[in-house]
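Okay, so here's the structure we're looking at.
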Amino acid sequence: MNAVFEPLRSKTEPVQPLLRPYRLRDLDLPNRVVMAPLTRMRATNPERAPTALHAEYYAQRASAGLIISEGTFVSPASVGWARVPGLWSAAQVAGWRLVTEAVHRAAGRIFAQLWHTGSLSHPDFYDGELPPAPSPINPGQRSVTPTGKKDTVVPREMSVHEIRDTVRDFGHAARNAMEAGFDGVQIQGGFHYLFNQFLHPRTNVRRDAYGGSIEKRARFLFEVIEEVARVVDRGRIGVKTGPATLETGAFVSGDETLPTFEHVIGRLNDYELSHLLLMGQMADLSATPIAHLGGDEMFRHFRSVYRGTVIANVDIDQARANRLISEGLADLVAFGRPFIANPDLVARFENGAPLASVDQETVYGGTLRGYTDYPPLPATSGEPGG
């Protein structure tokens, strides 16, 4: 007799907040579970284009209310991680179209995340030349190169002309995303990457229109938002940003951290965007000026700053997700690593099922192993012994 998984939730129990539908501007989501961007390093071809393997992977996870794609490079100059796809060429657009069509056939919704690594890149990606950044400041991080992790270097300072070209690169990639069939785009403005390099006073010591005051350091981000909005409806543009980092190297919180992100996130209200993806605490904040933003307080603080849809992310389990939504601290919750080993994460949440564990050795790799071979829950008949 085959074993049958019995749902743990009774049919009379109220639907948990995480599984309730949500209207994201003009997009109807069947639940509030978001698949967070996850770099998986499966674009092994010279074109850095997605393949049928990517399409299968994302389609397996299409029951999420919304999928945010892995970070996708907007230009050759933005590359800073091995075997990650881009969105600047015809081959890449064709590859992503395989993905979006597969997700849509599975009744899913997917946004493309637009990415530029800036100083977190490495000369190995530029034939020995230095990577571009706001200022020649080594961020003190590790770069994932084709031959393994290497220490970052002192980058070269971007000219104003290059900054403006980069703004156009984001617009071009956004146009390609829509041509490829994505439902929208998300600008990767968080963590240690290019936008945060402009926002952080340790990594941006410019004295021109893109450095100095908080407003000037934020200029690049808002120029990109406005450029992307030329080709994508604002209600289909999201931004990932916030003060959360690993508190390592140059990215250490200071007295300007909170005022910077209050300005940035407050100004996002002017654009009526799809969403803000806000990352919670990622490191010990006890000795920093933002120590009070630990735990739920990151979401509580910025909920009072941002009036639109907030997607919460980082180390959130099912119970905490339901609480954040029920308390009004977030509208949606993004799950990253749980989606790696649980393509049917939504069903597991619905049925109170245990989550499968991630095989750490296959998180990054070039094959289907640890990518598309995680099994879903057994089908249920609803009758014992079926």
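In terms of numbering that gives the first Met the number 0, the sequence shown opens at residue 0 and continues consecutively.
Positions of the beta carbon are idealized from the N, C-alpha and C atoms, including for glycine.
Small disclaimer: the values here were computed from a predicted structure and weren't measured.
Along the chain, where does the beta strand (DSSP E) that runs through residue i open and close?
i	result
Phe190	Unbroken run through Phe190: none, as it is neither H nor E.
Met278	His274 to Met278
Ser142	Arg141 to Thr144
Tyr21	Tyr21 to Leu23
Leu28	Leu26 to Leu28
Gly94	First-last for Gly94: Ala89 to Arg104, but that is the alpha helix (DSSP H), not the beta strand (DSSP E).
Gln59	Run containing Gln59: none in the beta strand (DSSP E); it sits in the alpha helix (DSSP H), Ala51 to Gln59.
Ala311	Val309 to Asn312
Would you report the Cα separation of residue i and residue j, rounded to the nearest angstrom?
i	j	result
Val263	Ala217	7 Å
Phe250	Ala378	47 Å
Gln196	Ser118	8 Å
Phe334	Gly279	12 Å
Leu18	Glu271	25 Å
Pro288	Asp254	6 Å
Gly180	Leu276	22 Å
Phe169	Pro130	17 Å
Asp295	Lys239	18 Å
Gly364	Ser68	17 Å
Asn30	Tyr125	42 Å
Starting from residue i and walking both ways along the alpha helix (DSSP H), at which residues does that stretch end?
i	result
Ile213	Ile213 to Arg216
Glu326	Note, Glu326: premise wrong, no alpha helix (DSSP H); not H, not E.
Ala173	Val159 to Glu178
Ile264	Thr256 to Leu267
Leu344	Leu344 to Asn350
Phe72	Unbroken run through Phe72 is the beta strand (DSSP E), Leu65 to Phe72; no alpha helix (DSSP H).
Met297	Glu296 to Arg302
Ile339	Arg336 to Ala340
Measure how close the beta-carbons of residue i and residue j come, nearest whole angstrom, since I'm counting them as under 8 Å.
i	j	result
Gly241	Phe221	Contact flag wrong, Cβ pair sits at about 16 Å.
His115	Leu193	4 Å
Tyr209	Pro138	Actually they are not in contact, since the Cβ atoms of Tyr209 and Pro138 sit about 17 Å apart, beyond 8 Å.
His121	Thr151	7 Å
Quick one: residues in its chain with C-beta nearer than 7 Å to the C-beta of residue i, no 5 flanking neighbours on either side, listed in chain order?
i	result
Leu7	Summary for Leu7: the model assigns pLDDT 45, below 50, so the residue's position carries little reliability, and this model does not support an answer.
Arg368	Thr361
Asp182	Leu26, Arg108, Ile109, Phe110 and Arg235
Ala81	Met40, Val143, Thr144 and Pro145
Measure from the alpha carbon of residue i to the alpha carbon of each residue in the options, then state which is nearest.
i	options	result
Thr411	Tyr373, Thr366, Pro374 and Tyr370	Because the chain spans 0 through 385 in this model, residue 411 falls outside it and cannot be assessed.
Gly70	Val102, Met34 and Ala105	Met34
Pro154	Gly147, Pro145, Gln140 and Val166	Gln140
Gly293	His274, Leu257 and Gly307	Leu257
Phe298	Leu331, Asn203 and Gln317	Leu331
Ala176	Leu113, Val166, Tyr57 and Met40	Leu113
Ala346	Pro375, Asp358 and Arg322	Pro375
Arg22	Arg47, Gly64 and Ala173	Gly64
Thr165	Val184, Arg201 and Ile224	Ile224
Val184	Ser252, Trp95 and Pro135	Trp95
Glu161	Phe219, Pro20, Asn268 and Met281	Phe219
Ser252	Leu267, Ala61 and Pro200	Pro200
Taking 8 Å as the limit between beta carbons, can you name the residues of its chain near residue i, skipping five residues before and five after?
i	result
Pro75	Gly85 and Trp87
Ala51	Leu97
Ala387	For the chain, the structure presents residues 0 to 385; residue 387 sits outside this window and is missing.
Val159	Asp207, Ala208 and Tyr209
Using a Cβ-Cβ cutoff of less than 6 Å, which residues in the same chain neighbour residue i once the five nearest sequence positions on both sides are dropped?
i	result
Pro16	Asn321, Ile324 and Ser325
Val92	Asn175, Glu178 and Ala179
Arg47	Pro84 and Gly85
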